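Student:
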Amino acid sequence: MELLVEGVSHAYGALPVLEGIDLAVRPGEILSLIGPSGSGKSTLLGIMGGLLRPYAGRVSTRGRPPAGCLNPLTYVFQDFALLPWRSVAGNVSLALDHHRLPAGERRERVADALARMGLADFAAAFPRQLSGGMRQRVGIARALVVRPAVLLLDEPLSALDAQTRDLLTEEFLAIWQRERTTAVHVTHNLGEALRLADRIAVLSRRPGRVREILPVDVPREERSAAARAGRIAELHAHLWALLRDEARAADLELAEPARGGR
């Protein structure tokens with residue numbers, strides 16, 4: 239399914255956050271959103287998912303959702319957002335609570351989502367018993383249980399250590415290769431974007447505008463290969479050149495009220 243963003247602008251009161259955003263997220267691709275702090279990446283993701291109504295413009299979808307899709311647009315959050323009093327299976331089934339499903343189909347969907355994330359043996363465990371990586375696996379399984387048409391990923395790996403982040407990246411890509419779910423991925427990590435994305439949309443500092451959309455022209459299976467290291471380094475340097483000055487300006491802009499006591 240294709241996700242279309244047309245002329246989207248947004249503000250919080252008198253503070254403009256996004257201005258004139260036009261994007262088309264193609265069926266089956268992963269589009270990463272990067273930009274300096276305060277560029278409106280998470281706000282744009284919220285508008286894409288219908289959590290926020292834009293000040294101007296619109297978001298629409300085109301195409302048919304996959305078979306068995308219950309929620310066309312589904313989030314995976316940075317902070318896991320798990321309920322501590324519910325088991326792993328209970329947290330995954332939470333996404334099904336507002337859907338009238340036969341008990342057998344509900345159990346089947348939960349078991350399938352747990353199996354895809356390697357959590358079948360942990361169905362009865364509680365979040366406090368799990369590592370950060372395991373908790374995020376539960377968050378991804380909860381998104382998969384509704385068989386979404388579009389996954390909206392709001393920095394889902396940023397709270398994890400480097401090893402766990404690499405492992406989850408590989409697992410997510412393995413799932414994506416099988417199902418080709420359209421995904422929008424917000425991150426501050428350029429290496430992560432270059433590992434995951436088909437294209438990377440670079441936002442300017444506030445109000446966020448699309449500065450450039452960069453195709454990652456190296457096949458995913460070759461992005462870790464030594465022979466492709468030079469091209470990946472070139473893409474990384476290009477992205478950093480786009481971001482460096484704006485990130486510095488955004489940091490000073492955000493820090494100014496604190497220094498001035500306002």
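Residue numbers (the numbering used here): 239 to 500.
The C-beta atom is built at its ideal place from N, Cα and C for all residues, glycine as well.
All of these numbers come straight from a predicted model, not from anything done at the bench.
(1) When you compare only the Cα positions, how much space is there between residue 450 and residue 468?
(2) Are there 16 or more other CB atoms within 10 angstroms of the CB of residue 278, so buried, or fewer, so exposed?
(3) Whole angstroms are fine: how far does the CA of residue 312 sit from the CA of residue 243?
(4) For the stretch 309-323 against the stretch 356-366, are there 3 or more C-beta pairs whose distance is under 8 angstroms?
(5) Just to confirm, are residue 269 and residue 422 a CB contact at a threshold of 7 angstroms?
(6) With distances taken between CB atoms, is the gap from residue 425 to residue 239 smaller than 7 angstroms?
(7) Quick one: give me the first and last residue of the alpha helix (DSSP H) that residue 375 is part of.
(8) If you draw a straight line from the alpha carbon of residue 290 to that of residue 284, how long is it in whole angstroms?
(9) Compute the Euclidean distance between the alpha carbons of residue 496 and residue 412, then round it to the nearest angstrom.
(10) Residue 280 lies in the alpha helix (DSSP H); which residues open and close that run?
(11) With DSSP as the reference, identify every bridge partner of residue 386, one or two as the case may be.
(12) Could you compute how far the alpha carbon of residue 513 sits from the alpha carbon of residue 241?
(13) Can you tell me which of the three DSSP states residue 464 falls into?
(14) For the stretch 259-336, which segments carrying the beta strand (DSSP E) assignment without a break, of at least 3 residues, lie completely within its bounds, in sequence order?
(15) Where residue 463 and residue 456 are concerned, what is the direct C-alpha to C-alpha distance, given to the nearest angstrom?
(16) With a CB to CB cut of under 8 angstroms and the five nearest residues on each side skipped, what residues in its chain are close to residue 487?
(17) Taking C-alpha atoms, which residue in 386, 458, 447 and 264 lies nearest to residue 481?
(18) Less than 6 angstroms between the CB of residue 292 and some heavy atom of the ligand ADP, yes or no?
(19) Going by beta carbon distance, what residues of the same chain come within less than 7 angstroms of residue 251, once the five residues before and after it are set aside?
(20) Short of 8 angstroms in beta carbon distance, which residues of its chain neighbour residue 400, apart from the five on each side in sequence? Order them along the chain.
(21) Can you find the residues in the same chain that come closer than 7 angstroms, C-beta to C-beta, to residue 484, ignoring five residues on each side of it along the sequence?
(22) Determine whether the beta carbon atoms of residue 379 and residue 339 lie at a separation below 7 angstroms.
(23) With H, G and I counted as helix, E and B as strand and the rest as coil, what does DSSP make of residue 402?
(24) According to DSSP, is residue 456 part of a helix, a strand, or is it coil?
Tutor: Put simply:
(1) 21 angstroms
(2) buried
(3) 17 angstroms
(4) yes
(5) yes
(6) no
(7) 370-382
(8) 6 angstroms
(9) Unreliable placement is indicated for residue 496, whose pLDDT of 41 sits below 50; the coordinate value is still reported in the next sentence. The alpha-carbon atoms of residue 496 and residue 412 are separated by roughly 44 angstroms.
(10) 279-286
(11) DSSP output for residue 386 lists no bridge partner at all.
(12) This structure cannot settle anything about residue 513, because the visible part of the chain is limited to 239 through 500.
(13) helix
(14) 268-272, 294-300 and 311-314
(15) 10 angstroms
(16) 274 and 443
(17) 447
(18) Although the ligand ADP was asked about, the structure shown includes no ligands whatsoever.
(19) none
(20) none
(21) 274, 442 and 443
(22) no
(23) helix
(24) coil
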